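Below is one structure, written out as structure tokens; the observations come after it.
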Amino acid sequence: MSESAKWYVVHTYSGYENKVAQNIEKAVENRGLHDLIHEVKIPTETVVEVKDNKSREVERKIFPGYVLVKMVLTDDSWYVVRNTRGCTGFVGPGSKPVPLTDAEVEALGVETKQVEVTYAVGDSVKIIEGPLEGFVGTVDSLDREAGSVRVIVSMFGRETPVELELGQVETVN
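Shown next, in the form of structure tokens:
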């Protein structure tokens with residue numbers, strides 16, 4: 175059906191998210207389906223909760239009742255996930271699972287993209303994405319941890335600093 179792994183949303187009984195994720199991982203381990211089912215995640219966020227004048231950090235599920243599964247959709251992988259105890263089915267019309275789009279995966283923060291930086295401070299770069307697409311400038315500063323680069327672009331005869339993401343620029347040959 176599909177050649178590459180995509181993220182799918184699985185509906186579970188409320189409160190069974192962790193158990194379903196463990197059961198899917200166990201089934202993958204037992205049946206040797208590592209090439210079909212790659213990852214199982216439960217989107218969570220860390221929230222500071224104040225109770226009785228004491229604050230503590232609590233990990234809370236962003237989407238209770240849902241588990242995200244990165245898999246290659248085949249009859250075998252569908253069967254394993256669908257017949258996991260506590261799982262009520264895939265999110266999608268009828269029995270056909272619908273994969274998440276790249277934009278949805280990025281918005282959920284499920285996958286982090288690694289951007290390979292081939293440029294350094296002082297190099298000429300071309301902006302390949304965003305409102306300044308096509309402009310050429312010089313790298314002023316580089317912050318790999320924050321994933322941002324500062325480029326000096328010449329606009330209307332003036333040097334203008336622009337903050338961009340690392341993947342929005344490429345080196346000029």
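Under my numbering, the first residue of the sequence shown is numbered 175, with each subsequent residue one higher.
All residues carry an ideal CB built from backbone N, CA and C; glycine is no exception.
Nothing here was measured: the structure is a model prediction, and the numbers come from that model.
With a cutoff of 8 Å on beta-carbon distance, I211 and E191 are scored as not near each other.
8 Å or more divides the Cβ of N197 from the Cβ of G239.
Each of Y187, V323, S229 was checked against the Cα of G341, and the nearest Cα belongs to V323. Residue state for R234 is assigned as strand, using DSSP reduced to three classes. In this structure, I301 is the residue among A320, V232, I301 with its C-alpha nearest to the C-alpha of G311. When the beta-carbon positions are compared, T334 and V327 come within less than 8 Å of each other. The beta carbon of E231 sits closer than 8 Å to those of T220, V221, V222, E223, all from its chain and outside the five residues before and after it, given in chain order. Here L316 is not near S251, since their CB atoms are 8 Å or more apart.
Collapsing the DSSP output to three states places E307 in coil. Within a 10 Å sphere around the beta-carbon of K180 sit 16 or more other beta-carbons, which makes this residue buried. Within the same chain, Cβ atoms closer than 6 Å to the Cβ of G266 are found at V272, the five residues on either side in sequence being excluded. Assigned with DSSP and collapsed to three states, S322 falls in strand.
Here V214 is near A195, since their CB atoms are less than 8 Å apart. The alpha-carbon separation between G296 and E319 amounts to approximately 19 Å. Beta-bridge pairing by DSSP links P267 to no other residue.
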